[in-house]
Ligand SMILES: C[S@@+](CC[C@H](N)C(=O)[O-])C[C@H]1O[C@@H](n2cnc3c(N)ncnc32)[C@H](O)[C@@H]1O
């Protein structure tokens with residue numbers, strides 16, 4: 003996608019930015035609880051004005067966003083009533099949060115600093131196949147051994163053409179990350195009510211959640227991460243109800 007595509011999207015707003023959620027994504031609430039985020043540095047690539055930035059800011063040691071379009075960043079700070087400082091090199095700074103107004107492909111690990119958790123929602127799926135490969139390498143440069151990534155993808159049929167979002171199957175996620183990452187496929191939700199199903203007359207749409215953990219070397223199989231991260235949301239709410247009895 004050319005930068006102009008995204009600038010125009012943010013300029014036009016409305017349906018052009020309908021990827022923006024007014025809430026915190028339920029996978030964020032479920033998989034990044036307070037104790038998990040304590041002391042962590044979180045990176046949100048292609049962050050838009052995602053409200054999850056506030057979730058991380060309020061719980062983690064620091065959150066770093068990367069966003070091409072300054073309008074999105076300024077809307078984020080205004081909507082959350084956060085006073086910010088803008089540096090000459092295009093950084094927006096406020097307590098607990100830094101957002102780089104930059105193209106992710108031009109950024110270095112030294113600029114971003116330590117990254118313990120990456121939150122990718124509507125980032126990988128926003129990029130066409132050629133850029134996805136570069137993006138995956140970029141994210142890998144930013145992550146240290148044992149850092150984690152909460153990745154949310156969409157899988158749908160039929161193909162919608164060359165504009166985002168792009169459908170990504172779990173097999174494709176495997177092909178991007180399985181060389182260096184333990185991949186835990188923690189959520190797979192059929193979403194017949196998703197706005198895209200009606201809008202594009204889709205046959206189906208599934209939302210997937212993955213927890214990736216970077217390993218030192220090529221690994222061959224997944225192993226148990228924790229019961230909490232392996233039990234899908236629906237079953238976990240049933241378990242919590244049972245625990246109350
Ligand atoms: C589909 S939106 C998702 C925003 C956010 N992750 C969310 O869930 O609301 C993708 C965002 O990435 C930004 N973007 C696209 N290409 C980028 C790049 N190369 N570097 C930085 N940001 C980029 C766009 O401006 C847009 O705000």
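Residue numbers (my numbering): 3 to 247.
Using N, Cα and C, we set each Cβ at its ideal position, and we do this for glycine too.
On a predicted model such as this, the values are computed, not experimentally measured, just so you know.
Relative to ligand 1, the beta carbon of residue 105 is positioned inside 6 Å of a heavy atom. In the structure shown, the three-state DSSP call for residue 36 is helix. Taken from the Cβ of residue 69, at least one heavy atom of ligand 1 lies inside 6 Å. Beta-bridge pairing by DSSP links residue 100 to 66, 95.
The Cβ-Cβ distance between residue 125 and residue 5 does not fall below 7 Å.
Look at residue 14 here: in three-state DSSP terms it is helix.
Straight through space, the alpha carbons of residue 93 and residue 108 are spaced by roughly 14 Å.
Around the beta carbon of residue 135, fewer than 16 other beta carbons lie within 10 angstroms, which makes this residue exposed.
Bridge pairing for residue 150: 119, 215 [DSSP].
In this structure, the beta-carbon distance from residue 69 to residue 101 falls below 7 Å. A straight line joining the alpha-carbon of residue 16 with that of residue 198 spans about 15 Å. When DSSP reads this structure, residue 186 sits in a beta bridge with 213. With a cut-off of 8 Å on Cβ pairs, the stretch 113 to 130 is in contact with the stretch 151 to 169, counting three or more such pairs. Looking from the CA of residue 78, the closest CA among 90, 61, 96 belongs to 96.
Here residue 173 has no same chain residue with a Cβ atom under 8 Å from its own Cβ, once five neighbours each way along the sequence are excluded.
Residue 204 and residue 187 have their alpha carbons spaced roughly 23 Å apart.
DSSP, read as helix, strand or coil, puts residue 19 in helix. Here residue 159 is exposed, its C-beta having fewer than 16 other C-beta atoms within 10 Å.
With 16 or more other Cβ atoms inside 10 Å of its own Cβ, residue 50 counts as buried. Less than 7 Å divides the Cβ of residue 138 from the Cβ of residue 178.
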